[in-house]
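Participant: Here the working numbering is used: the first residue of the first sequence is 7, the next is one more, and so on. Glycine included, C-beta positions come from ideal geometry on N, C-alpha and C. Because the structure is a prediction, the values reported are computed rather than measured. Below is one structure. I have some questions about it.
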Amino acid sequence: MRWSNLFIPTLREDPAHAEAASHRLLLRGGFVRQLAAGHYSILPLGQRVRAKIDRIIREEMDAIGGQQLHLPALHPAEVWKKSGRWEAMGEEMFRLQDRKGMDQCLGMTHEEVIAILAGEVSSYRDLPQIWYQIQTKFRDEPRPKSGVLRVREFTMKDSYSLDVDGSGLDVAFDLHHQAYVAIFHRCGLQALDVVASSGAMGGSESVEFMVASPAGEDWIVTCDGCDYRANLERAESVIPQVDDGPSLGETELLPTPGIRTIRALAEAHPDRAGPRRQIKTLVYVVDGQLTLVLLRGDHELLEQKLVDTLGVANLRPAAPDEIRAALGADPGSLGAVGVEHLPVIADRALVGRRNLVTGANRNDWHLSSVDVERDLTVGQWADLRGISAGEGCPQCGGVLDVWRGIEVGHIFKLGERYARAMGAMVQNEQGDIKPIVMGSYGIGVERTMAAIVEFSHDDRGIVWPVSVAPYEVVVTVLRTDDPGTMAAGERLYSELKDLGVEPVLDDRPLRPGVKFTDAELIGIPYRITVGPRGLASGKVELTTRGDLSTVELAMDDAAPTVAELIRTELERLS
RNA sequence: CGGGCUGUGGCGCAGCUUGGCAGCGCGCCUGCUUUGGGAGCAGGAGGUCGUCGGUUCAAAUCCGACCAGCCCGACCA
């Protein structure tokens with residue numbers, strides 16, 4: 007293509023309101039434009055990148071036996087009511103009515119639709135199956151942000167595996183795991199597979215693929231000594247035991263006028279109520295049931311862990327009046343001692359502790375010398391706290407690090423839930439009728455594009471890996487008004503095409519600086535500079551975008567040299 | 001949904017405090033010169049100042065409501 011015919015609206019200045027590197031550079035480089043918050047037009051350059059990612063995904067999905075299909079984006083409410091998610095999805099689902107007043111929604115994912123199709127499979131002989139689609143999903147995000155990283159309308163590859171039993175699902179899950187590793191490697195990304203929570207989808211095993219970036223929205227925990235890696239929502243750690251000393255006897259009432267916080271209590275009684283000696287008592291409403299949640303005073307509750315532990319959909323902190331009605335005191339003076347009428351769930355860091363301080367369920371009073379085993383009725387012990395950097399690795403005792411990541415892919419085992427709901431049953435070898443066992447596997451396509459930019463850019467612009475670059479090489483012609491120079495550029499361009507590479511010919515009658523800056527901004531991996539000065543001695547220049555290194559080449563060698571570099575680079579990324 | 005901030009030619013911004021011709025830089029169009037890292041000169045096009053209402057002789061500017069967008073938090077397969 008000739009650059010002069012292309013629509014590549016680069017911006018000279020950084021756009022206002024774009025913080026994340028990928029947002030800023032994709033806008034400046036003319037890859038995307040915002041239509042509304044969370045809705046982006048993908049411009050020709052962006053579309054070329056997207057198409058390459060799309061192709062890589064399809065090749066790897068096909069390699070594990072996946073079959074692409076195309077599903078409706080608009081679904082009748084019936085489908086979602088049947089699985090129970092019409093209510094469960096809440097406000098995040100775009101809903102509308104047709105002219106007859108029938109409820110409809112825009113699909114945010116396609117488990118239900120797939121399970122309906124899976125109903126046509128009736129024998130184990132027809133399994134396993136892997137079906138995938140690459141289509142637009144809609145989610146009414148409360149807060150779209152960071153360009154195409156968090157949007158309301160986006161392309162997602164999602165695949166679904168259908169198996170007759172759990173071991174079949176394990177195989178499909180592992181196949182996807184391998185495929186995802188291959189996909190992200192080919193995209194030039196370092197994506198780490200981490201143990202994750204499966205969230206509201208419901209499922210067992212769950213692995214996320216994360217790319218490190220300050221624009222990410224997830225916290226990832228890794229160990230410096232071993233391969234332990236987990237989403238913060240699932241991460242555990244080893245912390246030093248607290249020595250509580252010998253028992254001090256019965257609990258005692260401790261007057262604490264005006265004290266409502268862990269810190270204030272610790273300052274008032276540093277000898278016996280340091281944060282690690284306190285029990286933090288939180289009150290949640292879990293599916294309508296008031297529940298006490300206990301943690302060590304200096305620990306934070308990680309709500310997702312509570313959700314996962316209890317396996318519930320609806321959970322919220324209790325309101326002050328609900329708390330007062332149930333416990334007779336306000337937040338800041340709460341405790342679980344003597345509470346028998348409400349369920350109590352406690353973090354494992356409290357196991358076996360004694361001589362602790364907690365609220366007395368009476369404003370301005372606490373209880374001291376609390377012995378967890380003796381004085382509390384804990385219905386359930388669980389890992390509930392958010393861990394911090396520097397704590398010990400649960401696998402090897404090494405030091406844990408916590409960093410931000412972008413979730414580019416997520417694979418998890420759904421089990422029988424959707425097949426049961428939608429009636430997708432098969433007969434197994436024994437003739438029993440069983441629900442199909444499903445897995446679900448997603449990749450955000452535009453988000454992957456943005457993650458690549460986050461991962462691979464410098465102060466001049468994007469540095470695309472060859473495998474996803476919109477063009478592989480730009481032939482920059484200086485002095486387009488000089489027939490000899492222009493002809494040389496044209497010749498190089500067609501030689502490159504003949505060698506199977508994807509060149510773009512920068513034939514714009516602009517000053518060199520503008521053309522160099524644009525090429526670097528949009529991140530074409532290689533640039534061949536053709537100018538009268540070099541041509542006088544039969545030379546052109548080859549510049550590599552990554553390190554900006556430049557070498558002189560004989561005009562005749564340029565195209566084959568670049569073709570070979572690209573081939574090598576694609577090989578490395580395969 | 002809570003907190004902070006912003007809406008003025010395509011992009012980036014000033015003007016608003018103290019009401020009085022709608023400006024600057026870049027980009028765009030025409031011509032000439034120039035051409036190896038964002039050229040020069042000359043001429044030109046382009047704006048319901050987010051929307052609606054109010055105050056006023058007069059509103060980009062003051063007041064009110066609303067809308068949109070950005071950032072933080074909450075939320076989020």
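Need the endpoints of the alpha helix (DSSP H) that Ile62 sits in, please.
Facilitator: Indexing the first sequence from 1 puts residue 62 at position 56. That run of the alpha helix (DSSP H) goes 50-69.
Participant: Assign Gln386 to one of two classes, buried (16 or more other C-beta atoms within 10 Å of its C-beta) or exposed (fewer than that).
Facilitator: Translated into positions along the first sequence, residue 386 becomes position 380. With fewer than 16 other Cβ atoms within 10 Å, it is exposed.
Participant: Rank Gly429, Val350, Tyr532, Asp199 by C-alpha distance to the C-alpha of Glu478 and give the top, closest one.
Facilitator: Stepping through the first sequence from its first residue, residue 478 is reached at position 472. Closest option to Glu478, Cα to Cα, is Tyr532.
Participant: Might you give, ordered along the chain, the residues of its own chain that have their beta carbon closer than 8 angstroms to the beta carbon of Ala83, omitting 5 neighbours on each side?
Facilitator: Taking the first sequence and counting its residues from 1, the one referred to as residue 83 is at position 77. Contacts found: Trp92, Arg101, Met108, Asp109, Gln110, Cys111.
Participant: Skipping 5 residues on each side, what residues in its chain have a beta carbon closer than 6 angstroms to that of Val248?
Facilitator: Position 242 of the first sequence holds residue 248. Result list for Val248: Arg282, in chain order.
Participant: Find the nearest neighbour of Pro252 within the set Phe461, Ser375, Val459, Gly540, judged by alpha-carbon distance.
Facilitator: Counted from its first residue, the first sequence places residue 252 at position 246. Per the Cα distances, Ser375.
Participant: Express the C-alpha separation of Ile393 and Val187 in angstroms, rounding to a whole number.
Facilitator: Locating residue 187 in the first sequence gives position 181, where the first residue counts as 1. Locating residue 393 in the first sequence gives position 387, where the first residue counts as 1. Distance between the alpha carbons of Val187 and Ile393 is about 27 angstroms.
Participant: Pick helix, strand or coil for Trp86, following the three-state DSSP scheme.
Facilitator: The residue labelled residue 86 in the question sits at position 80 within the first sequence. Three-state DSSP puts Trp86 in a helix.
Participant: The alpha helix (DSSP H) that contains Lys163, what's its start and end?
Facilitator: Position 157 of the first sequence, counted from the start, is the residue given in the question as residue 163. Segment 159-169 is the beta strand (DSSP E) holding Lys163; no alpha helix (DSSP H) there.
Participant: Check for me: the alpha helix (DSSP H) holding Leu416 runs from which residue to which?
Facilitator: Along the first sequence, one-based indexing puts residue 416 at 410. The sequence shown places His at residue 416, rather than the Leu named in the question. No alpha helix (DSSP H) contains His416, which is instead part of the beta strand (DSSP E) from 406-421.
Participant: Closest to Glu147 by C-alpha separation, out of Arg64, Leu33, Glu159, would be which residue?
Facilitator: Position 141 of the first sequence holds residue 147. Among Arg64, Leu33, Glu159, the Cα nearest to that of Glu147 is on Glu159.
Participant: Less than 8 angstroms between the beta carbons of Leu571 and Pro471, yes or no?
Facilitator: Position 565 of the first sequence, counting from 1, holds the residue named residue 571. Position 465 of the first sequence, counting from 1, holds the residue named residue 471. Result no, Cβ atoms of Leu571 and Pro471 do not sit closer than 8 angstroms.
Participant: In the DSSP assignment, what are the bridge partners of Asn237?
Facilitator: On the first sequence, position 231 is the one that residue 237 refers to. Answer is Ile226.
Participant: On the CB-based measure, 16 or more other CB atoms within 10 Å of its CB, does Gly445 come out buried or exposed?
Facilitator: Within the first sequence, numbered from 1, the residue matching residue 445 stands at position 439. Classification for Gly445: buried.
Participant: According to DSSP, simplified to helix, strand and coil, what is Ala279?
Facilitator: Sequence index remark: in the first sequence, residue 279 carries index 273 (1-based). Ala279 falls in the coil class under three-state DSSP.
Participant: Counting C-beta neighbours from all protein chains within 10 Å, is the total for Gln139 16 or more, i.e. buried, or is it exposed?
Facilitator: Within the first sequence, the letter at position 133 stands for residue 139. So Gln139 counts as buried.
Participant: Out of Asp233, Val459, Lys521, which has the shortest C-alpha to C-alpha gap to Pro15?
Facilitator: In the first sequence, residue 15 corresponds to position 9, counting from 1. Considering only alpha carbons, the answer is Lys521.
Participant: For a test of the three-state rule: what should DSSP assign to Met431, helix, strand or coil?
Facilitator: Stepping through the first sequence from its first residue, residue 431 is reached at position 425. In the structure shown, Met431 sits in a strand (DSSP, three-state: E or B).
Participant: Is Gly341 helix, strand or coil by DSSP?
Facilitator: Taking the first sequence and counting its residues from 1, one reaches residue 341 at position 335. Three-state DSSP puts Gly341 in coil, outside helix and strand.
Participant: Buried or exposed: which applies to Asp377, given that a residue is buried once 16 or more other Cβ atoms fall within 10 Å of its Cβ?
Facilitator: In the first sequence, counting from the first residue as 1, residue 377 sits at position 371. Answer is buried; the Cβ neighbour count reaches 16.
Participant: Please tell me whether Ala457 and Val213 are closer than 8 angstroms, where the distance is taken between their beta carbons.
Facilitator: Counting from one through the first sequence, the residue named residue 457 turns up at place 451. Counting from one through the first sequence, the residue named residue 213 turns up at place 207. Going by C-beta atoms, Ala457 is not nearer than 8 angstroms to Val213.
Participant: In whole angstroms, give me the CA-to-CA distance for Arg322 and Glu239.
Facilitator: Reading the first sequence from its first residue, position 316 is the one you call residue 322. Reading the first sequence from its first residue, position 233 is the one you call residue 239. Their Cα atoms are separated by approximately 17 angstroms.
Participant: If you draw a straight line from the alpha carbon of Ala427 to that of Gln433, how long is it in whole angstroms?
Facilitator: Here residue 427 refers to the residue found at position 421 of the first sequence. Here residue 433 refers to the residue found at position 427 of the first sequence. When rounded, the distance between both Cα atoms is 17 angstroms.
Participant: Drop a sphere of 10 angstroms on the beta-carbon of Cys232, count the other beta-carbons inside from all chains shown, and report buried for 16 or more, exposed for fewer.
Facilitator: In the first sequence, the residue the question calls residue 232 occupies position 226. With fewer than 16 other Cβ atoms within 10 Å, it is exposed.
Participant: With a cut-off of 8 angstroms, do at least 3 Cβ pairs link the segment 408-417 to the segment 448-455?
Facilitator: Verdict: yes, contact present.
Participant: Taking the C-alpha atoms as reference points, what is the distance between Lys582 and Leu17?
Facilitator: As shown, the chain starts at 7 and ends at 580. That puts residue 582 outside it, with no answer to give.
Participant: Between Lys106, Asp224, Gln74, which has its C-alpha nearest Met162's C-alpha?
Facilitator: Position 156 of the first sequence holds residue 162. Looking at the Cα atoms, Gln74 is the closest of the given residues.
Participant: Can you list, in chain order, the residues of its chain whose CB lies under 8 angstroms from that of His183, leaving out five sequence neighbours each side?
Facilitator: Locating residue 183 in the first sequence gives position 177, where the first residue counts as 1. Cβ within range, chain order: Asp199, Val213, Ile417.
Participant: Counting C-beta neighbours from all protein chains within 10 Å, is the total for Arg149 16 or more, i.e. buried, or is it exposed?
Facilitator: Along the first sequence, one-based indexing puts residue 149 at 143. Arg149 comes out exposed.
Participant: Measuring only the C-alpha atoms, how far is Arg34 from Ile70?
Facilitator: Against the first sequence, residue 34 aligns to sequence position 28. Against the first sequence, residue 70 aligns to sequence position 64. Spanning the two alpha carbons is a distance of roughly 38 angstroms.
Participant: Taking 7 angstroms as the limit between beta carbons, can you name the residues of its chain near Asp230, skipping five residues before and five after?
Facilitator: Residue 230 sits at position 224 when you count from the first residue of the first sequence. Cβ neighbours of Asp230 beyond the five flanking positions: Gly404, Val405, Asp407.
Participant: Are there 16 or more other CB atoms within 10 angstroms of the CB of His41, so buried, or fewer, so exposed?
Facilitator: To locate residue 41, count along the first sequence from 1; it is residue 35. Inspection of the sequence shows that residue 41 is occupied by Leu rather than by His. Burial call: exposed.
Participant: Tell me which residues share the same chain as Ile59 and place their Cβ nearer than 7 angstroms to its Cβ, disregarding the 5 neighbours each side in the sequence.
Facilitator: The residue labelled residue 59 in the question sits at position 53 within the first sequence. Around Ile59: Cys193, Val451, Thr454, Met455, Val474.
Participant: For Arg517, does the count of other Cβ atoms within 10 angstroms reach 16, so buried, or fall short, so exposed?
Facilitator: The residue given as residue 517 occupies position 511 in the first sequence. Exposed: under 16 other Cβ atoms inside 10 Å.
Participant: Is the beta carbon of Ala560 less than 8 angstroms from the beta carbon of Gly537?
Facilitator: On the first sequence, residue 560 is found 554 positions in, with the first residue counted as 1. On the first sequence, residue 537 is found 531 positions in, with the first residue counted as 1. No, the Cβ-Cβ distance between Ala560 and Gly537 is not below 8 angstroms.
Participant: Please tell me whether Pro134 and Asp169 are closer than 8 angstroms, where the distance is taken between their beta carbons.
Facilitator: Walking along the first sequence from the start, residue 134 turns up at place 128. Walking along the first sequence from the start, residue 169 turns up at place 163. Yes.
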